[in-house]
Structures are given as structure tokens and as C-alpha cells.
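Chains A and B are the protein sequences, given in the same order.
Heads up, the numbering used here is the position in the first sequence plus 238, with the first residue counted as 1.
Heads up, the numbering used here is the position in the second sequence plus 8, with the first residue counted as 1.
Just so it is clear, CB atoms sit at the ideal spot from N, CA and C, and this is done for glycine as well.
Since we're looking at a predicted model, the values are computed, not measured.
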Amino acid sequence: MVEPAASIERTGRTAVVHLRGDVVVGTASALDAVLRELRERDTLDEIRLDFTNVDRVDSAAVAVIEVARRGGGARIALERLDARQRALFDVLAPAERAPRGDAERIGMLEQIGGHIFAAGRSLRELGSLVVECVRVTARVIVRRARLPAGSVGTQVVQMGSNAVGIVSLLSFLLGMSFAFQGAVQLRHYGAGPFVADLVALGMVREFAPFVAAIIVAGRTGAAIAAELGTMRVDAELDAMNAMGISPVRYLVVPRLLALSITGPILTLMAMFVGIGGGMVVALMVLRMSPQAFWVRAADQLDLGDFAKGLAKSLAFAWIIGLAGAHLGLRARRGASGVGAAATRAVVAAVFGIICFDAAFEAALTLARQSR
Amino acid sequence: MSELLIECRDVSCGYDDTPVLEHVDLQVARGEILAILGPSGCGKSTLLRMLIGLLPPLAGDVQLFDRPLYAIDADERRELLHRAGVAFQQDALFESITLEDNVALPLRELARLREPVVREMVRMRLGLVGLAGLQQRLPNELSGGQRKRAALARASIMDPELIACDEPTAGLDPVVAAGIDELLLRFRDLLGMTLVVVSHELTSIRAIATRALMLANGGVHAAGTVDELAASRDPTVYEFFHARPAREARSA
């Protein structure tokens, strides 16, 4: 490849650029620089490019000249092209009149509008998915529809067994941390033993469902989205629809039912393990016996507290499952689409869990006040 | 013969020390369109992979642009391969980025051109291959024929001296396939490119190839112009070109 060189000859408001060498992909930036410099001076009416001594020209040269022409200013004329060079410009020039990609770029307002419409569409689809899931679940319960044999059991094992360790560990640490915070404050007022009340009520009503849900969202929600997203990318969902098999019945509902089983079980376990973590701290910091701790904790709790915690965990499980399924089923095709669906499923599930939790507590409080 | 862009001497290639092809001699001259043809599984794509630097030969010497492709260091080999473009059988478009970004990728990574020039080149190339105005589409929004064209646009965007195409018209209807053939001829005539095309589509081969190399039985079985091969009475060649057993040739 011969590096291009250019000598510039100026006559009044016209510049003649005598090009030499190759003007190709690897060297066209030199011509680009010359043209930009000449046009920036803004004193020229015409730039003539003389190709007499140019050996090779490729589409990079054509593009550089077209970009310069489109930039306005001095007119650019091409001189002494050989037949092949002329043909290259002639063939690529009609392409220049083709619709520009830029025309497809849309303004900010249109983008915002597009996002709003997309969100609306997504919510509508989520609504349809919820309705379909409830309908299929009801039909399964009344035995008017059946799920693939063993599908729920397999999912329960997959979702539950691997989560036991991490949920236990985190609940234990959370219970300890909670008790530490409480013990330090309560001891100042001689109310150290109340740490048992604090940990028991906190874990059962709020933290156990929450921590179990966050872990399940991170593990299972993302897995559901990735699995369904991959199936969509590989056209497996299309194949299923074409065979008349509902992906919701075959894939989504078994996962939702499995989550409905594992979520409350993990939550129940997290409740007791978390209280156990608090008990260890009470023993170490407050010298409170385990027996006294459990008696106080049991006194504070009634079945309603457990029911409330478990009800939350059931709702959280459906939020996680629906977020994963919805985003997986709508995953954009391609490797990054699957990754994005998994990430968005986790974010959406956590967002949904927090929103639901806040709304649930607010509704309960209002109901209590109105009584 | 004019300048050789590819020259293989007594080359064997294959996988895991098991040769698929042996004793292959091959030359590709500047400006020609060489068709590598043969029945399915004969080693066409394997040979092409070797020619484009993806599969080291088990034996023999592969010269690309007068340099020993597999005897030079990796950096030099990459430099050398910048002068060649490849359109894969499965098109190998990146699904998560737009058509414009797919085609612009080699320019952005390998050439020092300003972004407006890059985008102009992409727009012109898409116009040349008949995909004008589709810059912002994702690959999965393209039809099979459009994807093949997009792959050719990406393979040719650096205006390489050599383009290797693996089954560019496979699975396409005759009209779209003829369009791809016309495009390949344009690449040669307009942009001065040399092409190595792997195919078993006889219509395409007849339309574009200046020379053909037929692979069979673990090596190069026959070579010559397409007309010479089509007229051959060799049983294997005859069966391939006429899709019927060679005994009909003898009785004809």
C-alpha cells in the first residue's frame, strides 16, 4: 500500500489537490484531513481533486469525499479518474441517494413516547400472563388441566435444595446483626431482654420473608428468565406454540407452583434460623439464657405473625416467578438479550417485592386503625 | 499466471491429526473467482477454514499474499488477514447489535477513519448489497437472503483484496441466489476483489466461477474451468454435475 500524498495548488477561490499513491481504507484518513483543512478555511468556492497519479481507490475514498460534500461549503469536483475509479464512484453514488440511516434516528420526545408505549405494552403483557397463570393454576387445582409429570417436584428440588444453605447463613447473620443493634441500644435502658421480642417479631413479620425472597430472586428469578429467554432465542417457544402446547402451562406454571412451595418453606426456615442468630447474640452480649430467650420470643409471637410472614413469602414467590417468566418470554433475541432478561428479572423482582411489602404493611396498618 | 494471492503446496488438513484432505495443491490468482465444489462432507469448508487462517494444516505450506500463513507470528498473521474478508456459511452476524454496527465493526476496530466516514462507508456498502435503509435493524429482523447480504457487506467493508465465501447461496431461492451471484461479480469487477467461493450450487458456480476445484475422496479430484469440469466423463465429476450415475454418461 502506497501512502497517499497531496500537493495543493491554489488559484483564487479554487484549490486543486493533486493526489498521489493509494487512497484506500488504510490511507483515506490523509485525504480526509486535507479536505477538512481546506474546507475549514472557508475561503474556497471549489476544491478539485486530481486523480492522475492515484494508483488505487476504494470505497473509503468515496466515503471521505461524500462526507466532505455533504458537509457543505466549497464544491468538490473529481478530475482525471480512470475508468475503474469512475465506475466505483458511479455505482456507489446511487447508493448515496438511498434512505439514510440517520432518517431512522428519532428525537428525544419520540424516544420518551416510545418508552412509555413500550412500558404500557409490557404491563399489558404482564397482566395477560398473570391472568393466564391464575387460570391455568385454577384448572390444575380442579383437575381440568394437568402439568407435565414431575415438573413441579423437579423444580422444587432445583429451587429449594440449593438455596437452603445460603438462606440459612444469611438469616442467621441477619438475626445476629439485628440483635446486636437492638442489644446495644436496649441495654442502656435496662431493657436488654426485649431483644428477644425485637428479633422474633422482626424476623417473623419482616426480615425472614424478605431475605428469603431476595435470595430466591437472585438465584431462581434470574434462572427462570435466562432459561425461558434461551428457549425463546432458540425458537423453542415458537415450536411449542406451533405444536399447540401452551408455554405458560408447560413452563411457567410449574415454576410458579414450585416457587409457591419453596418460598414459604425457605421463609419458615429463615424465621427460626434468624431467631437462633439473635439468641446467640443475646447469650454472648446480654448473658441471656437460650431458654429465657425462646420463652420471651414465643410469648410475643402468635400464629397470625407466622401467617402474615408466610402470606408475604407466597406473594413474593409469585412476584419473582412472574417477573422471571415475563421478562424471559419477552427476551430480545441474541446472547445479550438473555443476559439482559436475567438482570432485569432480578431488578424487577426486588422492586416488586419492596413495593408489595410497603403496600401490604400500609394496608394492614390502615385496616388496624379503622377497626 | 498473474500474481498469486493463495498458494498451497502438498497440504493436508483436518481435525485432531485426522486428515480430511491430503496432498492438496491450490493456487488462486488475483482477480479470479475460484469455486471449491464437491459433495457434502468432502472437506470444502475445512479447506476454506485453512485458507483463512482458522485451521493450521497438518502438513504442507500455505502461502497467503506471498507470506507463509502459519509460519509467521500471530501479529503478522492478523495483519495479513486484514487484507482478506470472510463470509461464513451461518453468516455469523452479531445478534445483539444493529446491522450498521455489524458492518462497521472491522472499520472501527482496524481502520483509522472518522465516525462520519465509517457510517458513510457502511451506508454505501449496504446500498451496494441491496440493504439500503436497514442500518438500524437487528440481524434477527432480516430475512435469510438479507442476512447473507449483510454478511457479505461486513466481509467486504474493508475492500479486501480477497474474499472467502462459504456457501453464500445455500438455502436461498433462485432469485435471491442470483442476486448474491451478481453481487459477488460486482465485488470482483467493481472493487477488484478476488474470490474463493465454497459451494455446491451448480447454478451459482456456472454463473460466477472462472475456475473450479472439485474435492472428492480426500483430495482434489479435478480442476479446471467450469465448462471443462461439466464436460468431464470422470464418473465422480459427472455424477456431481449431472446429478445422475456415471453409467448414463457412458451410455449417452
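What does residue i touch in chain A if you count any residue whose Cβ is under 7 Å from its own?
i	result
arginine 241 of chain B	Ordered by position in chain A, no residue passes the 7 Å Cβ test against arginine 241 of chain B, which lies about 40 Å from the chain.
proline 124 of chain B	Val305
methionine 222 of chain B	Per Cβ cutoff of 7 Å: no residues; methionine 222 of chain B is ~32 Å from chain A at best.
aspartate 83 of chain B	Chain A residues near aspartate 83 of chain B: none, gap ~16 Å exceeds 7 Å.
glutamate 128 of chain B	Ala301, Glu304, Val305
Is the Cβ-Cβ distance between residue i and residue j less than 8 Å?
i	j	result
glycine 294 of chain A	valine 262 of chain A	Rather than glycine, the amino acid found at residue 294 of chain A in this sequence is arginine. Yes, the Cβ-Cβ distance between arginine 294 of chain A and valine 262 of chain A is below 8 Å.
threonine 468 of chain A	glycine 398 of chain A	no
leucine 136 of chain B	alanine 325 of chain A	no
valine 390 of chain A	leucine 466 of chain A	no
glycine 420 of chain A	valine 433 of chain A	yes
valine 184 of chain B	leucine 59 of chain B	no
isoleucine 558 of chain A	alanine 605 of chain A	no
leucine 121 of chain B	leucine 115 of chain B	yes
aspartate 24 of chain B	phenylalanine 96 of chain B	no
alanine 460 of chain A	alanine 580 of chain A	yes
alanine 455 of chain A	glycine 547 of chain A	no
methionine 522 of chain A	methionine 441 of chain A	no
arginine 277 of chain A	glycine 311 of chain A	yes
methionine 201 of chain B	alanine 301 of chain A	no
isoleucine 452 of chain A	alanine 583 of chain A	no
alanine 43 of chain B	alanine 239 of chain B	no
alanine 464 of chain A	valine 585 of chain A	no
isoleucine 41 of chain B	isoleucine 216 of chain B	yes
Under 7 Å between beta-carbons, which chain B residues line up against residue i? List them in chain order, please.
i	result
glycine 547 of chain A	By Cβ distance, chain B contributes nothing, its closest Cβ being about 41 Å from glycine 547 of chain A, past 7 Å.
valine 228 of chain A	The displayed coordinates of chain A run from 239 to 609. Any statement about residue 228 of chain A would go beyond what the structure contains.
Using a Cβ cut-off of 9 Å, pull out every chain A residue sitting near residue i, in sequence order please.
i	result
alanine 119 of chain B	Val263, Gly264, Ala266, Ser267, Ala298
glutamate 103 of chain B	Val471, Arg570, Arg571, Gly572, Ala573, Ser574, Gly575
How far does the beta strand (DSSP E) with residue i in it reach, from first residue to last?
i	result
phenylalanine 289 of chain A	284-295
glutamate 149 of chain B	Premise fails: glutamate 149 of chain B is in no beta strand (DSSP E) and is neither H nor E.
isoleucine 41 of chain B	41-45
methionine 222 of chain B	219-224
isoleucine 171 of chain B	170-174
histidine 250 of chain B	Counting along the chain, histidine 250 of chain B falls outside any beta strand (DSSP E), though it belongs to the alpha helix (DSSP H) covering 243-250.
threonine 252 of chain A	252-261
glutamine 35 of chain B	26-37
serine 20 of chain B	12-23
glutamate 317 of chain A	313-317
alanine 583 of chain A	Run containing alanine 583 of chain A: none in the beta strand (DSSP E); it sits in the alpha helix (DSSP H), 573-608.
Cα-Cα, which of the options is closest to residue i?
i	options	result
methionine 222 of chain B	B:Val183, B:Ser207, B:Met166	B:Ser207
aspartate 83 of chain B	B:Phe96, B:Gly61, B:Pro65, B:Ser164	B:Gly61
aspartate 532 of chain A	A:Ala266, A:Leu364, A:Val511	Checking the sequence, you will find tryptophan at residue 532 of chain A rather than aspartate. The shortest C-alpha separation from tryptophan 532 of chain A is found at A:Val511.
glutamate 444 of chain A	A:Phe544, A:Thr375, A:Val374	A:Phe544
proline 176 of chain B	B:Asp99, B:Glu40, B:Arg252, B:Leu34	B:Asp99
serine 297 of chain A	B:Leu210, B:Arg214, B:Ala238, B:Phe195	B:Phe195
aspartate 109 of chain B	B:Ala159, B:Arg85, B:Gln143	B:Gln143
alanine 306 of chain A	B:Arg127, B:Pro76, B:Leu160	B:Arg127
glycine 153 of chain B	B:Asp167, B:Ser164, B:Gly179, B:Leu170	B:Gly179
cysteine 16 of chain B	B:Pro182, B:Ile213, B:Pro76, B:Arg241	B:Pro76
arginine 493 of chain A	A:Gln396, A:Ala266, A:Leu282	A:Gln396
glycine 590 of chain A	A:Arg570, A:Leu539, A:Gly562, A:Ala573	A:Gly562
phenylalanine 73 of chain B	B:Gly49, B:Val36, B:Thr54	B:Val36
phenylalanine 598 of chain A	A:Gly566, A:Arg568, A:Ser551	A:Ser551
valine 394 of chain A	A:Arg470, A:Thr458, A:Ala553	A:Thr458
alanine 92 of chain B	B:Ala163, B:Lys156, B:Gln71	B:Ala163
serine 20 of chain B	B:Thr54, B:Leu160, B:Gly68	B:Gly68
serine 484 of chain A	A:Pro386, A:Leu602, A:Glu304, A:Pro431	A:Pro386
Taking the alpha helix (DSSP H) that residue i belongs to, which residues open and close that run?
i	result
glycine 352 of chain A	346-379
isoleucine 462 of chain A	460-471
aspartate 181 of chain B	Neither: aspartate 181 of chain B is in no alpha helix (DSSP H) and is coded neither H nor E.
valine 205 of chain B	Unbroken run through valine 205 of chain B is the beta strand (DSSP E), 202-206; no alpha helix (DSSP H).
leucine 412 of chain A	402-426
cysteine 50 of chain B	Taken as a continuous stretch (DSSP letters only), cysteine 50 of chain B belongs to no alpha helix (DSSP H), as it is neither H nor E.
alanine 480 of chain A	474-480
aspartate 435 of chain A	433-440
arginine 277 of chain A	266-279
alanine 211 of chain A	In the structure displayed, chain A extends from 239 to 609; residue 211 of chain A sits before or after that span and is not available.
valine 395 of chain A	That residue, valine 395 of chain A, is in no alpha helix (DSSP H); it is neither H nor E in DSSP.
leucine 88 of chain B	82-89
Applying a beta-carbon distance threshold of less than 8 Å, which residues of chain B neighbour residue i?
i	result
leucine 326 of chain A	Leu198, Leu199
aspartate 270 of chain A	Leu121, Arg122, Val125
Cβ closer than 8 Å: which chain A residues qualify as neighbours of residue i?
i	result
aspartate 167 of chain B	Val262, Val263, Asp296, Ser297, Ala298
Below 9 Å on C-beta distance, what does residue i contact in chain B?
i	result
leucine 330 of chain A	Met132, Arg133, Gly135, Leu136, Leu198
Quiz prompt | Secondary structure, beta strand (DSSP E): runs of 3+ residues fully inside the stretch 97-124 of chain B | solution = none
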